[in-house]
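Under the numbering used here, the letters of the sequence shown match residues 2 to 298, in that order.
From the three backbone atoms N, C-alpha and C, an ideal C-beta is built for every residue, glycine too.
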Amino acid sequence: MEKKIKIQFAIAVILTLLTAQVYSQGIYFAVSAGYGLPAAPNAFKASNYSYTLNSTGHTSSFEIVKGTGSFGKGFQAGGTFGYMFNENVGAELGLSYLSGADMTGNYSESNSSTTFPHSSTQENTLSGNMLRISPALKIAAGEGKIKPYMKAGLVVGMSPKVIETSFRTDINNGIGSKTEMEIVYSGGTPIGFTGSLGADFKLNDRISIFFEFNMIAQSWAPKKGIMTKYTEDGVDQLPDMDTNEKEVEFVDSYTESSSTNNTYNAQSPSKELKVFLPFSSAGAKVGLQFALGKQSK
2 MEKKIKIQFA IAVILTLLTA QVYSQGIYFA VSAGYGLPAA PNAFKASNYS
52 YTLNSTGHTS SFEIVKGTGS FGKGFQAGGT FGYMFNENVG AELGLSYLSG
102 ADMTGNYSES NSSTTFPHSS TQENTLSGNM LRISPALKIA AGEGKIKPYM
152 KAGLVVGMSP KVIETSFRTD INNGIGSKTE MEIVYSGGTP IGFTGSLGAD
202 FKLNDRISIF FEFNMIAQSW APKKGIMTKY TEDGVDQLPD MDTNEKEVEF
252 VDSYTESSST NNTYNAQSPS KELKVFLPFS SAGAKVGLQF ALGKQSK
């Protein structure tokens, strides 16, 4: 799926380039790459618990180590078409791809009972990616070879996805077992805002290099989650699982009933309340800008 997204991104850039009005005044094309750090991060796991019963000699402990961050953290690359209406005001349409960095959280529990000693450890890893379309207004200042600028606009996400993997080890009475799971969250259209400060450095009449600091404020509520992998000691368990165990739909509200007439549908996805995941970031990027038509000096 990720390879397909990258191919679609490349095709979109090429088609846009071929259909541009190459000889129009003020049109330019830019390519860039950069890295975003997490902004407005959330904690996705945070808890700890322990107790001791001296009268029975039973001791247990339970802990979840929180993982914090934003799925907007990571590498970003893309292309932009722009048009300067005059020397100072222009408009841009950008297309970029976010390859998010991993966020991890750890879970552990242990029971030192002499009758049934038990311990478990689990590590969860989550990462996100998406295509982004960014229409923005550009305001430039200055003259000569260096022109500072600022940009502000919208960010619209396409094909957003978060992948969660977990590795769990259980030891019961000295016998160990390993479980591996992967869930893919998708669906929905995240919309946010972006702002940038940067400067163009003119190399010649056609080519400029630019440096830019940018911020993105964006969150995303997935519509569904699908378990794509579940193994126990290397044995695939998915074929024996019900749809209700493998798939989830995120909704604004749902109703549960305790009536004896309530029918459990094993072949329908389970339902959970919608949750918003952070994709905000603050970072920097560098790129090259190419003038496609006659430029004002």
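Across which residues does DSSP place residue i in a beta bridge pair?
i      : result
GLN77  : GLY35 and LEU99
PRO299 : Here the chain comprises residues numbered 2 to 298, so residue 299 is not present and cannot be evaluated.
VAL156 : GLY193
GLN290 : ALA31 and SER209
ASN130 : SER100 and LYS162
SER71  : Paired residues: none, contrary to the question.
Is DSSP giving residue i helix, strand or coil here?
i      : result
GLY234 : The residue you asked about is not Gly; residue 234 is Asp in the sequence shown. Coil, per DSSP.
PHE30  : strand
GLU165 : strand
GLU88  : coil
ASN173 : strand
GLU144 : coil
SER281 : coil
ALA137 : strand
LYS272 : strand
SER178 : strand
GLY83  : strand
ALA21  : With a pLDDT of 40 at ALA21, under the threshold of 50, the modelled position of that residue is not reliable, and the figure given next carries that caveat. Note: ALA21 maps to coil in three-state DSSP.
SER297 : Residue placement at SER297 cannot be trusted, given a pLDDT of 46 that sits under 50; what the coordinates show is reported in the next sentence. Looking at SER297 - three-state DSSP - the assignment turns out to be coil, as it is neither helix nor strand.
GLY188 : coil
Counting only the same chain and skipping the five closest in sequence on each side, list residues whose C-beta sits under 6 Å from that of residue i.
i      : result
ALA292 : TYR29 and ARG207
ARG169 : GLN123 and THR180
GLU97  : According to the sequence as given, residue 97 is Ser; it is not Glu. The answer, listed in chain order, is GLN77, GLY79 and ARG133.
TYR255 : LYS272
ALA222 : GLY189, LYS275 and PHE277
GLY70  : PRO39, PRO42 and MET104
SER197 : LYS152, GLU213 and ASN215
GLY129 : PHE72, GLY101 and VAL163
HIS119 : ASN112 and ASN173
GLU144 : none
GLN238 : TYR231
LYS247 : MET228
GLU165 : LEU127 and ILE184
Taking Cβ to Cβ, would you say residue i is nearer than 8 Å to residue j?
i      : j      : result
SER100 : GLY75  : yes
MET131 : ILE140 : no
VAL156 : SER135 : yes
GLY284 : TYR36  : yes
VAL287 : PRO270 : no
SER220 : PRO161 : no
PHE211 : ASP201 : yes
GLN268 : THR229 : no
GLY226 : VAL252 : no
MET182 : TYR108 : no
GLY106 : ASN125 : yes
GLY199 : ALA218 : no
THR195 : GLY154 : yes
Report all residues from its chain with a CB closer than 8 Å to the CB of residue i; omit the five preceding and five following residues, and keep chain order.
i      : result
ASN89  : ILE140, ALA141 and ALA142
ALA92  : GLY83, TYR84, PHE86, PRO136, ALA137, LEU138 and LYS139
LEU204 : ILE210
LYS224 : SER187, GLY188, GLY189, GLU250 and PHE251
PHE117 : ASN173 and ASN174
LYS148 : ALA141, ALA142, ALA200, ASP201 and LYS203
MET242 : MET228 and TYR231
SER121 : TYR108, SER109, GLU110, SER111, ARG169, THR170, ASP171 and ILE172
Looking only at its chain, what residues have a beta carbon closer than 7 Å to the beta carbon of residue i, apart from the 5 residues adjacent to it on each side?
i      : result
LEU289 : ALA31, VAL32, ILE208 and ILE210
SER178 : ASP171, GLU233 and ASP234
LYS146 : PHE202 and LYS203
query: Going along the chain, which unbroken runs of the beta strand (DSSP E) with 3 or more residues stay wholly within the stretch 190-256?
result: Correct list: 192-203, 208-218, 225-233 and 248-252.
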